[in-house]
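Sequence order for the protein chains is A and B.
Heads up: the first sequence begins at 6 in this note's numbering, then just goes up one per residue.
Heads up: the second sequence begins at 80 in this note's numbering, then just goes up one per residue.
Even for Gly, the Cβ is constructed at its ideal location relative to N, Cα and C.
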Amino acid sequence: MNGQAGFMLGLRAVLPLLLGVAPFGVIYGVVALQSGIPALAAMAMSSIVFAGSAQFLLAQLVGVGAPMLLSAGAVGLINLRHALYSASVAPMLVRLPRRWKLLLAYLLTDEAYAAAIPHLLADREQASSTAHWILLGSGFGLWTGWQLATLAGVVLGAQLPAGLGLDFALPLTFIAIVVPMITRRALLAAAFAAGTAAVLLAALPYKLGLFIAALVGLAVGALGSREAA
Amino acid sequence: MTLWGLMLVCGAITFAIRYSFIAAAGHFEPPDWFVRLLPFVPVAALTALVTPELLLIDGAVALGIDNSRLWAGLVAIVVAALWRNTVLTIGLGFAAFYLLRGV
Numbered sequence: 006m007n008g009q010a011g012f013m014l015g016l017r018a019v020l021p022l023l024l025g026v027a028p029f030g031v032i033y034g035v036v037a038l039q040s041g042i043p044a045l046a047a048m049a050m051s052s053i054v055f056a057g058s059a060q061f062l063l064a065q066l067v068g069v070g071a072p073m074l075l076s077a078g079a080v081g082l083i084n085l086r087h088a089l090y091s092a093s094v095a096p097m098l099v100r101l102p103r104r105w106k107l108l109l110a111y112l113l114t115d116e117a118y119a120a121a122i123p124h125l126l127a128d129r130e131q132a133s134s135t136a137h138w139i140l141l142g143s144g145f146g147l148w149t150g151w152q153l154a155t156l157a158g159v160v161l162g163a164q165l166p167a168g169l170g171l172d173f174a175l176p177l178t179f180i181a182i183v184v185p186m187i188t189r190r191a192l193l194a195a196a197f198a199a200g201t202a203a204v205l206l207a208a209l210p211y212k213l214g215l216f217i218a219a220l221v222g223l224a225v226g227a228l229g230s231r232e233a234a
Numbered sequence: 080m081t082l083w084g085l086m087l088v089c090g091a092i093t094f095a096i097r098y099s100f101i102a103a104a105g106h107f108e109p110p111d112w113f114v115r116l117l118p119f120v121p122v123a124a125l126t127a128l129v130t131p132e133l134l135l136i137d138g139a140v141a142l143g144i145d146n147s148r149l150w151a152g153l154v155a156i157v158v159a160a161l162w163r164n165t166v167l168t169i170g171l172g173f174a175a176f177y178l179l180r181g182v
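Written out as structure tokens, the structure reads:
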């Protein structure tokens with residue numbers, strides 16, 4: 006697979022996720038304006054921060070005039086889980102020039118990682134090296150979709166029809182990605198543990214429950230595969 | 080001006096988190112236990128994103144038939160397990176979702 010084919014693979018993989026991301030982007034744009042953030046700054050946040058749930062939180066914190074240090078800390082906590090994606094893709098990117106690493110780190114979101122990861126794992130088995138192109142394709146697709154959705158929210162505001170439930174595309178796509186990846190018992194145990202913990206810890210602030218639940222899943226999976234070995 | 084400063088700080092923090100392990104790779108040898116955790120990242124992290132969306136309504140576990148996301152999600156899980164097809168999973172999941180909630 007060459008670079009262009011890898012890029013297109015990543016781009017195609019992220020398309021169904023855009024269906025679910027778009028309504029979030031629109032709503033973010035509306036919420037940002039309601040919080041008193043100027044349209045230009047609301048748009049700029051989508052490329053400067055580029056993290057959906059963190060942008061929602063930040064817009065709300067700005068709206069209530071929260072202290073700067075607290076706001077920045079909250080954004081850090083809500084994005085902690087991205088460190089796991091960073092660790093997951095790091096071995097595949099180790100030989101790339103720094104400009105590639107910087108660009109792909111900037112583009113590393115839940116959705117772009119999810120869309121790319123099944124192809125990255127398949128790619129590694131084939132011992133080819135288009136991982137960075139696949140990640141660039143999914144990252145670029147998500148980035149573009151997010152900017153357009155934010156723009157629509159800022160420009161069109163609340164005129165858009167709500168209640169279609171398009172955000173359900175996100176869990177559905179994650180299901181479509183995760184279920185086929187569960188090929189052995191330790192992976193099933195990891196999924197079950199993380200899924201259960203995420204529900205139990207959902208009340209924790211700053212989405213910390215997601216991060217802790219993922220760690221629980223990792224530990225259960227690793228312990229399970231050691232017993233099987 | 081403080082708004083832009085805050086956005087830049089938050090952007091820098093977010094980027095630093097995403098860059099952390101990518102930057103460190105190759106500069107040090109990660110311990111064995113750490114390497115053994117990595118294959119479980121996609122399944123664990125993405126499942127953690129899904130289950131609260133299916134099971135919780137306003138923070139409370141909802142198992143009733145009126146929780147259309149839960150039952151549509153279970154349909155999607157079965158479809159994904161049987162056919163391993165992304166488009167089919169999303170399509171039938173949405174079909175079940177709209178049928179259950181009466182569009």
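Within-8 Å CB hit, residue i to chain B
{"i": "F61 of chain A", "result": "no"}
{"i": "I139 of chain A", "result": "no"}
{"i": "Y111 of chain A", "result": "yes"}
{"i": "L215 of chain A", "result": "yes"}
{"i": "T178 of chain A", "result": "yes"}
{"i": "A174 of chain A", "result": "yes"}
{"i": "L153 of chain A", "result": "no"}
{"i": "I32 of chain A", "result": "no"}
{"i": "N7 of chain A", "result": "no"}
{"i": "H124 of chain A", "result": "no"}
{"i": "G226 of chain A", "result": "yes"}
{"i": "L23 of chain A", "result": "no"}
{"i": "M73 of chain A", "result": "yes"}
{"i": "L89 of chain A", "result": "yes"}
{"i": "V19 of chain A", "result": "no"}
{"i": "P28 of chain A", "result": "no"}
{"i": "S93 of chain A", "result": "yes"}
{"i": "L86 of chain A", "result": "It should be noted that the sequence gives Arg, not Leu, for residue 86 of chain A. It does; some Cβ of chain B falls within 8 Å."}
{"i": "G81 of chain A", "result": "yes"}
{"i": "S40 of chain A", "result": "no"}
{"i": "L98 of chain A", "result": "yes"}
{"i": "L192 of chain A", "result": "yes"}
{"i": "D128 of chain A", "result": "no"}
Spatial neighbours of residue i in its chain, beta-carbon cut-off 7 Å, leaving aside the 5 residues before and after
{"i": "A207 of chain A", "result": "G214"}
{"i": "G8 of chain A", "result": "T135, W138"}
{"i": "S40 of chain A", "result": "A64, Q65, V67, G68"}
{"i": "A18 of chain A", "result": "A120, A121, H124, S143"}
{"i": "I32 of chain A", "result": "G158"}
{"i": "V225 of chain A", "result": "A194, A195, A198"}
{"i": "S58 of chain A", "result": "I83, K212"}
Residue i, buried or exposed, once every other Cβ within 10 Å from all chains shown has been counted against 16
{"i": "G172 of chain B", "result": "buried"}
{"i": "D115 of chain A", "result": "buried"}
{"i": "L178 of chain B", "result": "exposed"}
{"i": "G222 of chain A", "result": "buried"}
{"i": "H106 of chain B", "result": "exposed"}
{"i": "G181 of chain B", "result": "exposed"}
{"i": "I96 of chain B", "result": "buried"}
{"i": "Q60 of chain A", "result": "buried"}
{"i": "F12 of chain A", "result": "buried"}
{"i": "R148 of chain B", "result": "buried"}
{"i": "P176 of chain A", "result": "buried"}
{"i": "I139 of chain B", "result": "Sequence check: residue 139 of chain B is Ala here, not Ile. The residue in question, A139 of chain B, is exposed, as its Cβ has fewer than 16 Cβ neighbours within 10 Å."}
{"i": "F119 of chain B", "result": "buried"}
{"i": "G152 of chain B", "result": "buried"}
{"i": "W151 of chain A", "result": "buried"}
{"i": "A79 of chain A", "result": "buried"}
{"i": "P210 of chain A", "result": "exposed"}
{"i": "P72 of chain A", "result": "exposed"}
{"i": "I136 of chain B", "result": "exposed"}
Interface flag, residue i vs chain A, CB-CB below 8 Å
{"i": "P131 of chain B", "result": "yes"}
{"i": "L179 of chain B", "result": "no"}
{"i": "G152 of chain B", "result": "yes"}
{"i": "G143 of chain B", "result": "no"}
{"i": "A124 of chain B", "result": "yes"}
{"i": "L149 of chain B", "result": "no"}
{"i": "A174 of chain B", "result": "no"}
{"i": "F100 of chain B", "result": "yes"}
{"i": "F94 of chain B", "result": "yes"}
{"i": "F119 of chain B", "result": "yes"}
{"i": "I136 of chain B", "result": "no"}
Close beta carbons around residue i, own chain, < 6 Å, minus the five adjacent residues each side
{"i": "D145 of chain B", "result": "none"}
{"i": "F94 of chain B", "result": "none"}
Residues near residue i in its chain [Cβ-Cβ closer than 8 Å; skip 5 each side]
{"i": "L147 of chain A", "result": "V19, L22, L23, V26, L112, T114, E116, A117, A120"}
{"i": "A202 of chain A", "result": "G214, I217, A218, V221, G222"}
* Asked: What runs of the alpha helix (DSSP H), each 4 residues or longer, lie entirely inside the segment 134–181 of chain A?
  -> Counting only runs of 4 or more, we get 136–161.
* Curious, which full-length alpha helix (DSSP H) runs of at least 4 residues does the segment 22–88 of chain A contain? -> Listed in chain order, they are 44–53, 57–68, 73–83.
* To do: Write down every uninterrupted run of the beta strand (DSSP E) in the segment 103–147 of chain B whose length is 3 residues or greater and which is fully enclosed by it, in chain order.
  => Whole beta strand (DSSP E) segments, 3+ residues: zero.
* Asked: What are the uninterrupted segments assigned as alpha helix (DSSP H) that are 4 or more residues long and contained completely in the segment 87–124 of chain A, given in chain order?
  -> Qualifying alpha helix (DSSP H) stretches, in chain order: 87–98, 103–111.
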